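These notes are about the structure you will find just below.
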Amino acid sequence: MEQHINAQDLELIEKYLSQEATAQEISVIEKRLKEDKAFAERLSIFQTLKQGNEMDIEGFRSDLDDIYRDYDQQPQEEAKVIQLNTHRKRSFYWIAAAVSILLLSTVYLIINQASVSSPQDLYAAHYTTPPENISTRDEQDDHLVAAIQAYNVNDFKKALEEFEIFLSTNQNHIGAIFYQGICELELGKTDDAIEHFNTIINEGDSVYLNSAKWYLALSYLKADRKQEAIKTLEDIKDSGSSYAAKAILILEELD
Amino acid sequence: MQLTDKKERALSNEDIFDGIKHRDRVVLRSIYDSYFPMIMDLILKNSGNQEDARDIFHDALTVIFEKINKEQLSISSSFKTYFYAICKNLWLMSLRKKKTAQKINDLNPNMEDSIEINEQDLLYHQRYKLYMKHFDKMGEDCKKILKLFLQGESLKNIAVEMGFTDSYAKKRKHTCQKQLILAIEGDGSFNELRS
Numbered sequence: 001m002e003q004h005i006n007a008q009d010l011e012l013i014e015k016y017l018s019q020e021a022t023a024q025e026i027s028v029i030e031k032r033l034k035e036d037k038a039f040a041e042r043l044s045i046f047q048t049l050k051q052g053n054e055m056d057i058e059g060f061r062s063d064l065d066d067i068y069r070d071y072d073q074q075p076q077e078e079a080k081v082i083q084l085n086t087h088r089k090r091s092f093y094w095i096a097a098a099v100s101i102l103l104l105s106t107v108y109l110i111i112n113q114a115s116v117s118s119p120q121d122l123y124a125a126h127y128t129t130p131p132e133n134i135s136t137r138d139e140q141d142d143h144l145v146a147a148i149q150a151y152n153v154n155d156f157k158k159a160l161e162e163f164e165i166f167l168s169t170n171q172n173h174i175g176a177i178f179y180q181g182i183c184e185l186e187l188g189k190t191d192d193a194i195e196h197f198n199t200i201i202n203e204g205d206s207v208y209l210n211s212a213k214w215y216l217a218l219s220y221l222k223a224d225r226k227q228e229a230i231k232t233l234e235d236i237k238d239s240g241s242s243y244a245a246k247a248i249l250i251l252e253e254l255d
Numbered sequence: 001m002q003l004t005d006k007k008e009r010a011l012s013n014e015d016i017f018d019g020i021k022h023r024d025r026v027v028l029r030s031i032y033d034s035y036f037p038m039i040m041d042l043i044l045k046n047s048g049n050q051e052d053a054r055d056i057f058h059d060a061l062t063v064i065f066e067k068i069n070k071e072q073l074s075i076s077s078s079f080k081t082y083f084y085a086i087c088k089n090l091w092l093m094s095l096r097k098k099k100t101a102q103k104i105n106d107l108n109p110n111m112e113d114s115i116e117i118n119e120q121d122l123l124y125h126q127r128y129k130l131y132m133k134h135f136d137k138m139g140e141d142c143k144k145i146l147k148l149f150l151q152g153e154s155l156k157n158i159a160v161e162m163g164f165t166d167s168y169a170k171k172r173k174h175t176c177q178k179q180l181i182l183a184i185e186g187d188g189s190f191n192e193l194r195s
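Right, dumping it as structure tokens:
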């Protein structure tokens, strides 16, 4: 049997959580927390929900869902191959269907040659500025702090100036090089962006590696360097990273 | 996020935790790319499917997100080992709940030798999920009122926002709070997750 919930208890819980309880009320609450398990549980429910709201756990989960969606869109080539091999009787229909699709696609492409997406269109369709939040630690360089602050308010010109000053004495700072590249891309300095994303890729494994490959591919699209874009997108596709599904999508549109 | 510097520091625990705390998508993607296949393998070989793997992966990251937002988190192992141990423990809890298994076919038995995962961290997250499950099921009106209450809005502001009189806002808020408590306390999982 559930213990009765009265309005006085709810008000006491509210005051406690909003830090508006008087000293006398706090001592009552602390006594109740020790002696009344149901009261303690109820306070804990709202306390946990309040903390979750403050941390924005739902927002964090939503970020993860977005990244997962990129994963989930990756075609499962292996599964399809197995299915074809184990259903030999149906293979004729598969082949017939594939040939039909191929013929139709060829006819469609001949008719609609002019409508194939241009690299610049694909860049515009797929480019988004990463990420939403950049924070700073106290011990960081003043120019790096200024660069990040400018970046966070989309002042890419100022951010780039500050990143460049910072990098003149911190040449190996991969994070700063990555965002320097993004600023350059935003400001139309595409060749510089390409150079800096390549620098990160040449450094090998890092947090920024897959993102640098993605933005390098987009930079090539923007610069109308189609073959290099395809090569980079193929590499992303083969890496199986969370950018792979998007890379496949662009490759299909570039064909 | 925290910008990381040299290559050798690029994947340090500190940087990863900082990236999670600030919801840095570059870091989150990197965690996904590095560890999702490993966790998917663990779940698929232990009676789960891809959706289970996604849920466990997200839950484990959320456990870390909650913990680093409440306190300084410092671990002696690699992030990979720590993360794997959290996922494994969460999946074990889930299997026990379904009463399908008591043990896990561990794919990396040596990886978590020295890892002690605080069960309270996992339970805190499970409780939060249970509370949110019932919160999400409430009517739009109640959800809005409780959201404002959780944001620390005064009764006056809640009344204005909802278009209620002060006295009706107070009454309605209490009704919604009671409704939520009763739904949570009536859930079969509530007793198992009690603190």
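If you read the protein sequences in the order shown, they are chains V and H.
Reading the first sequence from the start, the letters are residues 1 to 255 in this note's numbering.
Reading the second sequence from the start, the letters are residues 1 to 195 in this note's numbering.
Here a beta-carbon is modelled for each residue, glycine too, at the ideal position from N, C-alpha and C.
Model, not experiment: these values are computed from the prediction.
Strictly below 9 Å CB to CB, what residues from chain H border residue i?
i, result
"Leu49/V", "Tyr128, Tyr131, Met132, Phe135, Leu146, Leu150 and Leu180"
"Ala21/V", "What Ala21/V touches in chain H: nothing, since even the nearest Cβ is about 14 Å away."
"Gly52/V", "Glu66, Tyr128, Tyr131, Met132 and Leu150"
"Tyr68/V", "Tyr32, Phe36, Arg54, Phe57 and His58"
Here's the rule: buried if 16 or more other CB atoms are within 10 angstroms of the residue's CB, otherwise exposed. What is residue i?
i, result
"Arg194/H", "exposed"
"Gly163/H", "exposed"
"Ser74/H", "exposed"
"Thr128/V", "exposed"
"Ser167/H", "exposed"
"Thr48/V", "buried"
"Val153/V", "exposed"
"Glu162/V", "buried"
"Ser211/V", "buried"
"Arg96/H", "exposed"
"Ser94/H", "buried"
"Gly48/H", "buried"
"Lys45/H", "exposed"
"Asp18/H", "buried"
To which residues of the same chain is residue i closer than 6 Å at the C-beta, ignoring the five residues directly before and after it?
i, result
"Ser206/V", "Ile174"
"Gln126/H", "Leu193"
"Glu132/V", "For Glu132/V, the predicted model reports a pLDDT of 49, less than 50, meaning its position is unreliable; a value from the coordinates is still stated below. Closer than 6 Å at Cβ, skipping near neighbours: no residue."
"Phe156/V", "Cys183, Glu186 and Leu187"
"Ala223/V", "Thr190"
Counting only Cβ pairs nearer than 9 Å, list the residues of chain V close to residue i.
i, result
"Thr62/H", "Ile57, Phe60, Arg61 and Leu64"
"Val160/H", "Going along chain V, no residue has its Cβ under 9 Å from Val160/H, so there is no contact; the nearest lies around 18 Å."
"Asp15/H", "Gly175 and Val207"
"Phe164/H", "The contacting residues do not exist; Phe164/H stays about 16 Å from chain V at best."
Along chain H, which residues have their Cβ under 7 Å away from the Cβ of residue i?
i, result
"Leu33/V", "By Cβ distance, chain H contributes nothing, its closest Cβ being about 11 Å from Leu33/V, past 7 Å."
"Asn210/V", "Arg29, Ser30 and Asp33"
"Leu10/V", "His174 and Gln177"
"Ile5/V", "Lys178 and Ile181"
"Ser18/V", "Gly152"
"Ser242/V", "Arg29, Tyr32 and Asp33"
"Tyr127/V", "Result: empty, since nearest Cβ-Cβ is about 14 Å, beyond 7 Å."
"Ile45/V", "Tyr131, Ile181 and Ile184"
In chain order, what residues of the same chain have a beta carbon less than 7 Å from the beta carbon of residue i, not counting five sequence neighbours either side?
i, result
"Lys170/H", "Leu155"
"Ala60/H", "Phe83, Ile86, Cys87 and Leu90"
"His126/V", "Leu218, Lys246 and Ile250"
"Glu196/H", "The question about residue 196/H has no answer, for chain H in this structure spans 1 to 195."
"Ile29/V", "Leu12, Tyr16 and Ala21"
"Thr121/H", "Looking at the sequence shown, residue 121/H is not Thr but Asp. Taken in chain order, the residues that qualify are Val63 and Lys67."
Cβ of residue i versus every heavy atom of the ligand MN: is any distance shorter than 7 Å?
i, result
"Val207/V", "Only the bare structure without any ligand can be found here, which leaves the ligand MN out of the picture."
Using a cut-off of 8 Å between C-beta atoms, extract the partners of residue i located in chain V.
i, result
"Phe83/H", "Within 8 Å Cβ-Cβ: nothing; Phe83/H doesn't reach chain V, min ~14 Å."
Quick one: what's got a C-beta closer than 8 Å to residue i's C-beta in the same chain, skipping five residues either side?
i, result
"Asn157/H", "Leu148"
"Leu146/H", "Phe135, Met138, Lys173, Cys176, Gln177 and Leu180"
"Gln120/V", "Leu221, Lys222 and Asp224"
"Phe166/V", "Asp141, His143, Leu144, Ala147, His173 and Ala176"
Going along chain H in order, which residues have a C-beta closer than 8 Å to the C-beta of residue i?
i, result
"Ile29/V", "Near Ile29/V there are no residues of chain H at all, since even the closest Cβ is about 16 Å away, more than 8 Å."
"Pro130/V", "Arg25 and Val26"
"Tyr215/V", "Here the premise fails: no neighbours, minimum Cβ distance about 10 Å."
What residues in the stretch 146-168 of chain V have a beta carbon less than 8 Å from any beta carbon of chain H?
Ile148
Validate contact between the stretch 11-30 of chain H and the stretch 23-41 of chain V using beta carbons, cut 8 Å, 3 pairs
No, the stretch 11-30 of chain H is not in contact with the stretch 23-41 of chain V.
Inter-stretch contact (C-beta, 8 Å, three-pair minimum) for the stretch 236-248 of chain V and the stretch 52-70 of chain V
yes
Should the stretch 129-141 of chain H be regarded as contacting the stretch 175-188 of chain H, the criterion being three or more beta carbon pairs within less than 8 Å?
The answer is yes - the stretch 175-188 of chain H touches the stretch 129-141 of chain H, with three or more Cβ pairs under 8 Å.
Does the contact criterion of 3 or more C-beta pairs under 8 Å hold for the stretch 11-28 of chain H versus the stretch 13-26 of chain V?
no
Report the residues of the stretch 184-204 of chain V with a CB closer than 8 Å to any CB of chain H, ordered along the chain.
Glu203 and Gly204
May I ask you to list, following chain order, the residues of the stretch 48-80 of chain H that have a beta carbon less than 7 Å from some beta carbon of chain V?
Listed by position along the chain: Arg54, His58, Leu61, Thr62, Phe65, Glu66 and Asn69.
Counting beta carbon pairs with one atom in the stretch 141-159 of chain V and one in the stretch 232-243 of chain V, are three or more of them shorter than 8 Å?
Fewer than three pairs of CB atoms, one per stretch, sit closer than 8 Å, so the stretch 232-243 of chain V makes no contact with the stretch 141-159 of chain V.
Is there contact between the stretch 214-229 of chain V and the stretch 189-199 of chain V, where contact requires at least three CB pairs shorter than 8 Å?
yes
How about the stretch 166-184 of chain V and the stretch 196-204 of chain V: do they share at least three Cβ pairs that are nearer than 8 Å?
Yes, they touch.
Anything in the stretch 219-241 of chain V with a Cβ closer than 7 Å to a Cβ of chain H? List those residues in chain order, please.
Those would be Ser241, in chain order.
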